[in-house]
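Visitor: For the sequence shown, our numbering gives the first residue as 74, with consecutive numbering after it.
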Amino acid sequence: MHLEGSYVLNANRADVWNLISNPEKIARCLPGLQQLEIKDSKTFVVTVKVSISFVKGNFKFTFTLIDQIPPSHSRFQASGRGAGVSVNLNTSMDLSEPQPGSTELSWKTDVELGGLLGELSPSLLQSSTTGFTRKFFDCIKAQLETGHNT
(Lines of atoms letter the chains of each structure in order from A and count residues from 1; the text may use other names and numbers.)
(Lines give C-alpha, C1' and ligand atoms only; values in the text may rest on other atoms or scores of the structure.)
Protein backbone atom coordinates (compact mmCIF):
# COMPACT_ATOMS: atom_id res chain seq x y z
CA MET A 1 0.00 0.00 0.00
CA HIS A 2 1.33 3.45 -0.92
CA LEU A 3 0.45 6.55 1.10
CA GLU A 4 1.60 10.12 0.65
CA GLY A 5 0.70 13.65 1.50
CA SER A 6 1.97 17.04 2.56
CA TYR A 7 1.43 19.55 5.33
CA VAL A 8 2.30 23.24 5.48
CA LEU A 9 3.58 24.18 8.92
CA ASN A 10 3.90 27.68 10.39
CA ALA A 11 7.50 27.07 11.42
CA ASN A 12 10.87 27.57 9.79
CA ARG A 13 12.59 24.61 8.14
CA ALA A 14 15.35 24.38 10.77
CA ASP A 15 12.77 23.89 13.54
CA VAL A 16 10.86 21.28 11.54
CA TRP A 17 14.11 19.48 10.75
CA ASN A 18 15.09 19.55 14.43
CA LEU A 19 11.82 17.78 15.31
CA ILE A 20 11.68 15.15 12.54
CA SER A 21 15.36 14.19 12.84
CA ASN A 22 15.21 13.61 16.61
CA PRO A 23 13.80 10.19 17.63
CA GLU A 24 12.71 11.37 21.09
CA LYS A 25 10.82 14.34 19.68
CA ILE A 26 9.14 12.58 16.77
CA ALA A 27 8.24 9.51 18.85
CA ARG A 28 6.12 11.76 21.11
CA CYS A 29 3.75 12.12 18.15
CA LEU A 30 3.21 8.41 17.50
CA PRO A 31 -0.41 7.68 18.46
CA GLY A 32 -0.57 5.05 21.18
CA LEU A 33 3.12 5.34 22.13
CA GLN A 34 3.84 3.07 25.12
CA GLN A 35 7.65 2.95 25.15
CA LEU A 36 10.70 4.38 23.35
CA GLU A 37 14.22 2.95 23.40
CA ILE A 38 17.07 4.70 21.58
CA LYS A 39 19.54 2.06 20.36
CA ASP A 40 22.04 4.34 18.60
CA SER A 41 22.12 7.46 16.39
CA LYS A 42 20.35 5.62 13.56
CA THR A 43 18.07 3.15 15.34
CA PHE A 44 15.23 3.36 17.83
CA VAL A 45 12.54 0.95 18.99
CA VAL A 46 8.99 1.90 19.95
CA THR A 47 6.06 0.01 21.38
CA VAL A 48 2.69 1.40 20.32
CA LYS A 49 -0.86 0.38 21.14
CA VAL A 50 -2.78 -0.24 17.91
CA SER A 51 -6.45 -0.82 17.18
CA ILE A 52 -7.45 -1.51 13.56
CA SER A 53 -10.80 -3.28 13.24
CA PHE A 54 -10.47 -6.56 15.14
CA VAL A 55 -6.65 -6.29 15.35
CA LYS A 56 -5.79 -4.81 18.73
CA GLY A 57 -2.66 -4.95 20.82
CA ASN A 58 0.86 -3.69 21.34
CA PHE A 59 3.22 -3.59 18.40
CA LYS A 60 6.97 -3.30 18.64
CA PHE A 61 8.63 -1.38 15.78
CA THR A 62 12.31 -0.94 15.01
CA PHE A 63 13.03 2.26 13.06
CA THR A 64 16.29 2.59 11.15
CA LEU A 65 17.50 5.81 9.55
CA ILE A 66 18.58 5.07 5.98
CA ASP A 67 19.74 8.48 4.81
CA GLN A 68 19.51 12.16 5.66
CA ILE A 69 20.29 15.35 3.82
CA PRO A 70 19.92 18.09 6.46
CA PRO A 71 17.77 20.12 6.51
CA SER A 72 15.65 18.83 3.65
CA HIS A 73 15.40 15.02 3.40
CA SER A 74 15.11 12.04 5.74
CA ARG A 75 14.36 8.40 4.87
CA PHE A 76 13.86 5.51 7.25
CA GLN A 77 12.62 1.95 7.35
CA ALA A 78 10.60 0.34 10.10
CA SER A 79 9.52 -3.19 10.81
CA GLY A 80 7.08 -4.24 13.46
CA ARG A 81 5.18 -7.19 14.86
CA GLY A 82 2.34 -7.79 17.24
CA ALA A 83 -1.11 -9.38 17.55
CA GLY A 84 -0.49 -11.82 14.69
CA VAL A 85 0.52 -9.04 12.31
CA SER A 86 3.71 -7.87 10.63
CA VAL A 87 4.25 -4.39 9.19
CA ASN A 88 7.15 -3.06 7.11
CA LEU A 89 7.43 0.64 6.27
CA ASN A 90 9.69 2.57 3.95
CA THR A 91 9.14 6.28 4.57
CA SER A 92 10.65 9.53 3.32
CA MET A 93 10.06 13.12 4.41
CA ASP A 94 11.12 16.15 2.40
CA LEU A 95 11.09 19.74 3.59
CA SER A 96 10.84 22.90 1.49
CA GLU A 97 10.16 26.55 2.28
CA PRO A 98 7.30 27.85 0.13
CA GLN A 99 7.67 31.22 1.88
CA PRO A 100 9.73 32.59 4.79
CA GLY A 101 8.51 31.29 8.15
CA SER A 102 6.63 28.30 6.76
CA THR A 103 7.71 24.79 5.79
CA GLU A 104 6.06 22.25 3.55
CA LEU A 105 6.59 18.69 4.81
CA SER A 106 5.95 16.17 2.01
CA TRP A 107 5.95 12.49 2.93
CA LYS A 108 5.66 9.13 1.21
CA THR A 109 5.27 5.69 2.79
CA ASP A 110 5.17 2.25 1.26
CA VAL A 111 3.61 -0.30 3.62
CA GLU A 112 3.76 -4.10 3.46
CA LEU A 113 1.29 -5.90 5.72
CA GLY A 114 1.36 -9.53 6.76
CA GLY A 115 -0.81 -11.74 8.92
CA LEU A 116 -4.28 -10.60 9.93
CA LEU A 117 -3.92 -7.08 8.51
CA GLY A 118 -3.12 -8.54 5.11
CA GLU A 119 -6.63 -10.02 5.13
CA LEU A 120 -8.48 -6.73 5.75
CA SER A 121 -10.09 -4.76 2.94
CA PRO A 122 -8.00 -1.91 1.51
CA SER A 123 -10.76 0.62 2.29
CA LEU A 124 -10.79 -0.35 5.98
CA LEU A 125 -7.00 -0.10 6.15
CA GLN A 126 -7.04 3.26 4.34
CA SER A 127 -9.54 4.64 6.85
CA SER A 128 -7.45 3.48 9.83
CA THR A 129 -4.14 4.73 8.41
CA THR A 130 -5.70 8.09 7.53
CA GLY A 131 -6.72 8.59 11.16
CA PHE A 132 -3.28 7.54 12.46
CA THR A 133 -1.52 9.84 9.97
CA ARG A 134 -3.75 12.81 10.80
CA LYS A 135 -3.08 12.41 14.56
CA PHE A 136 0.68 12.10 13.93
CA PHE A 137 0.93 15.25 11.81
CA ASP A 138 -1.50 17.22 14.00
CA CYS A 139 0.88 16.51 16.89
CA ILE A 140 3.91 17.65 14.88
CA LYS A 141 2.06 20.81 13.92
CA ALA A 142 1.05 21.46 17.55
CA GLN A 143 4.59 20.95 18.83
CA LEU A 144 6.03 23.36 16.28
CA GLU A 145 3.35 26.01 16.30
CA THR A 146 2.92 26.21 20.08
CA GLY A 147 6.63 26.21 20.83
CA HIS A 148 6.69 22.79 22.56
CA ASN A 149 9.50 21.55 20.30
CA THR A 150 12.10 21.39 23.06
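Think of the CB as a built atom: it goes at the ideal place given N, C-alpha and C, for glycine as much as any other residue.
Quick one: is A87 buried, meaning 16 or more other Cβ sit within 10 Å of its Cβ, or exposed?
Guide: Along the sequence shown, read from residue 1 onward, the residue named residue 87 stands at position 14. The residue is exposed, with fewer than 16 neighbouring Cβ atoms inside 10 Å.
Visitor: Ignoring anything shorter than 3 residues or poking outside the region 123-200, list the beta strand (DSSP E) runs there in chain order.
Guide: Counting only runs of 3 or more, we get 128-142, 146-155, 158-172 and 175-188.
Visitor: Check whether the region 119-128 touches the region 152-159, counting contact only when three or more Cβ pairs, one atom from each stretch, lie closer than 8 angstroms.
Guide: Flag = yes, the region 119-128 and the region 152-159 touch.
Visitor: Return yes when the Cβ of F132 is within less than 8 angstroms of the Cβ of A151, no when it is not.
Guide: Position 78 of the sequence shown holds residue 151. Position 59 of the sequence shown holds residue 132. No.
Visitor: Tell me, which residues are paired with Q108 by DSSP?
Guide: The residue given as residue 108 occupies position 35 in the sequence shown. Q108 is bridged to T120.
Visitor: Hey, would you say Y80 sits closer than 8 angstroms to K208, going by beta carbons?
Guide: For the purposes of this step, residue 80 is identified with residue 7 of the sequence shown, where counting begins at 1. For the purposes of this step, residue 208 is identified with residue 135 of the sequence shown, where counting begins at 1. Contact flag unset, no.
Visitor: Could you tell me how far apart the beta carbons of L168 and T176 are, in whole angstroms, since I believe they sit closer than 8 angstroms?
Guide: Translated into the one-based positions of the sequence shown, residue 168 becomes position 95. Translated into the one-based positions of the sequence shown, residue 176 becomes position 103. With a Cβ gap of about 5 angstroms, L168 and T176 count as contacting.
Visitor: Whole angstroms is fine: what's the gap from R39's alpha carbon to E218's?
Guide: Nothing can be reported for residue 39: it is not among the residues displayed for the chain, which extend from 74 to 223.
Visitor: Can you tell me which residues form a DSSP beta bridge with V81?
Guide: Position 8 of the sequence shown, counted from the first residue, corresponds to residue 81. Its beta-bridge partners are E177.
Visitor: Alpha carbon to alpha carbon, what distance is there between T164 and Q216?
Guide: Here residue 216 refers to the residue found at position 143 of the sequence shown. Here residue 164 refers to the residue found at position 91 of the sequence shown. If I take the Cα positions, the gap works out to 21 angstroms.
Visitor: Identify every residue that forms a DSSP beta bridge with D113.
Guide: Counting from one through the sequence shown, the residue named residue 113 turns up at place 40. Answer by DSSP bridge pairing, in chain order: T116.
Visitor: When you compare each of W180, K98, G204 and G188 to H75 by their alpha carbons, which one comes out closest?
Guide: Here the question's residue 75 lines up with position 2 in the sequence shown. Among W180, K98, G204 and G188, the Cα nearest to that of H75 is on W180.
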